[in-house]
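Chemist: One structure is given below, represented as structure tokens, and several questions about it will come after.
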Amino acid sequence: MGYSLFQEPEPEELEPEPEPEVVVRKKPRLVLKFVWMEKNIGLGLDQMISGHGTVPLSPYYFWPRKDAWEELKTTLESKQWISQKKMIILLNQATDIINLWQQSGGNLS
3 MGYSLFQEPE PEELEPEPEP EVVVRKKPRL VLKFVWMEKN IGLGLDQMIS
53 GHGTVPLSPY YFWPRKDAWE ELKTTLESKQ WISQKKMIIL LNQATDIINL
103 WQQSGGNLS
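Heads up: the sequence shown is residues 3 to 111, going by the working numbering.
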């Protein structure tokens, strides 16, 4: 009978493979900000960053100096990652606030 000069290596204990990392992408949270003044109302668009506050995505657009609603619409359309549905919601909110500002004559009371 022949003997092998080489021994079979003992099976090493294998470390379990790490679980694959699951990256959950949340939809960006967008916030309309307003500057309510007697003769103008400013509209701005920010993005909420969890744990860090907000990051401006646009300057403030002032109505009635310029068509703030149209400028906001143009900004939203330029951000291709903002869904059509979210864009409509934000523009409707902007319309509601502009109408409220007009009805109040710029007065908060």
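Yeah, the Cβ is synthetic: ideal placement off N, Cα and C, and Gly gets one too.
(1) Given S119, which residues of its chain have a CB within under 6 Å of its CB, disregarding the five upstream and five downstream residues?
(2) Helix, strand or coil for M39 per DSSP?
(3) Among residues of its own chain, excluding the 5 on either side of K88, which ones have a beta-carbon nearer than 7 Å to its beta-carbon?
(4) What is the rounded straight-line gap between the Cα of D69 and the Cα of I100?
(5) Apart from the five residues on each side of it in sequence, which residues of its chain come closer than 8 Å, Cβ to Cβ, to I51?
(6) Compare the beta carbon distance of G108 and N42 with 9 Å and say whether it is the shorter of the two.
(7) Give a yes or no on whether the C-beta atoms belonging to I1 and P30 are separated by under 9 Å.
Modeler: Reading it off the structure:
(1) This structure leaves residue 119 out entirely; the chain is present only between 3 and 111.
(2) M39: coil per DSSP, three-state reduction.
(3) The beta carbon of K88 is closer than 7 Å to those of L32 in its chain, skipping five residues each way along the sequence.
(4) Each residue's alpha carbon lies about 11 Å from the other.
(5) Shown here for I51: same chain residues with a beta carbon closer than 8 Å to its own, the five before and five after excluded, namely V57 in chain order.
(6) Against a cut-off of 9 Å, the Cβ pair of N42 and G108 comes out as a contact.
(7) Coverage of the chain is limited to positions 3 through 111, which leaves residue 1 absent and any answer about it impossible.
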